[in-house]
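Participant:
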Amino acid sequence: MPARLRLTDDTAPEEEFWTWRGHRVHLDRYPNPKAGAKVVLHRGVGTNGRQMSLILGAPLARRGFETVALDNLGYDLTQVRPGTTPSYDDWGDLVVDFLAHEQSRDDRPIVLSGLSAGGMLTYHVAAKAPRGTLRGIVGMTFLDQRDQQVRDETAHDRLTARAGVPFMGLLANDPAAMKVLMKDRTSAANWGSVRFLDRYMNYAPAVEPEDFDACPVLLTQPAEDRWTPPHPSVPVLSRITKVPVDTVMLDNAGHYPLEEPGLGQMQDAIADFVTKHTR
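In this note's numbering, the protein residues as written are 37 to 315.
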C-alpha cells in the first residue's frame, strides 16, 4: 500500500475475536472510552477489515472517534464454524447482532459505514435492526441487485449478470496496490459460494426505500469508480424521502478509494456526518 496509508506496530489497531453462532469474528478496534460516538466499518466483497482500518479506521480514530472494522463471514481472519456455508442473510444477521453487542457494552451512538457492496449492507442492517440502533449509515454504493439494470452494469459480464453470479472485482486506480490486493486470499483473491451470491443478488430488505425512516444516509461516491459510478445507486437513494440523504463526490478516487484528494474528502465527510448525527 502507499506509504502514507501503512500502519506500524504503534499505529495498528487492537485485534479481538467475538463469538457469534459458533463463528470467531475478527475485529480491528481503535478503542477510545472518551469518544462520543462509535463508527463500525464493514468492508465490501473484495476487501477485508484491515484495509478498512487503513483508509478509515485509523484516520477516524485520530479524529477522536472509536472505530471497529468488522470481518464478516467468509473473508478476512474470521474463522467460520466448520461445516457451514454462510449466506448474505448471515452477513446481515451478524451485523445486527454485533451492533446489539456493542450497545450492551455502552450506550454511545453508532454509525455504520460500508465500502462497496457493504454500502447496501448498511441499508439492509438499518432496515432490520431495532429502531434507534443506528444514528446514520454511510455507503460507497447502494446497489439493489434485484434490479436487472444494476446487475447488468455491476457484473463481470452480461452472461454472469443474467445467470445471477457476478464477479465482485475490486477496481482500484493504483496498479501497484491492485496487484497486492489481487494476491490476498483474505480479500480480493477470495472466492464466494454460489449460495452467498444467490442470496446477495436476490435479498429483499425488511423495509423498502419508500418506507425507510431509520436514520440519515450518506453516499460517498468515488468520482473515478470504473465499476460502480453514481447512477446504479439512484434506484435506492431516490426513493428514500423520509430521512436526509446526502452525497459527497470523491475526486480522483477509484472503487477502493485510496487516491487523494478523494480519500481525504471521504474521511472529512464521514467525520462531519458522524458528528452532526450523534450530538
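Built from N, CA and C at the ideal position, the CB exists for glycine as well.
According to the neighbour-count rule (16 or more other Cβ atoms, all chains shown, within 10 Å of its Cβ), is residue 305 buried or exposed?
Facilitator: buried
Participant: What three-state label does DSSP hand residue 124 in the structure shown?
Facilitator: Here residue 124 carries a helix assignment [DSSP, helix/strand/coil].
Participant: Quick check: what's the CA-CA separation for residue 46 versus residue 289?
Facilitator: Taking the CA atoms as reference points, residue 46 sits about 28 Å from residue 289.
Participant: In three-state DSSP terms, what is residue 75?
Facilitator: strand
Participant: What does a CB cutoff of less than 6 Å around residue 293 pick up in its chain, not counting 5 residues either side in sequence?
Facilitator: Shown here for residue 293: same chain residues with a beta carbon closer than 6 Å to its own, the five before and five after excluded, namely 258, 286, 299, 302 in chain order.
Participant: Between the C-alpha atoms of residue 256 and residue 283, what's the straight-line distance to the nearest angstrom?
Facilitator: The straight-line gap from Cα to Cα measures roughly 6 Å.
Participant: Compute the Euclidean distance between the alpha carbons of residue 74 and residue 94, then round it to the nearest angstrom.
Facilitator: Approximately 13 Å, taken between the alpha carbons.
Participant: Return the first residue and the last residue of the alpha helix (DSSP H) that residue 159 is part of.
Facilitator: DSSP places residue 159 inside the alpha helix (DSSP H), whose first and last residues are 154 to 164.
Participant: By the DSSP assignment, the beta strand (DSSP E) with residue 62 in it spans what residues?
Facilitator: Annotation: the continuous beta strand (DSSP E) that includes residue 62 extends over 59 to 66.
Participant: Identify which residue in 38, 117, 91, 68 has its Cα closest to the Cα of residue 79.
Facilitator: Taking the Cα of residue 79 as reference, the smallest distance to any Cα among 38, 117, 91, 68 is reached at 91.
Participant: Judging by CA-CA distance, which residue of 109, 132, 128 is the nearest neighbour of residue 121?
Facilitator: 109
Participant: So which of 171, 56, 268 has the shortest CA-CA distance to residue 253?
Facilitator: Nearest of 171, 56, 268 to residue 253, Cα basis: 171.
Participant: Measuring only the C-alpha atoms, how far is residue 240 from residue 163?
Facilitator: 11 Å
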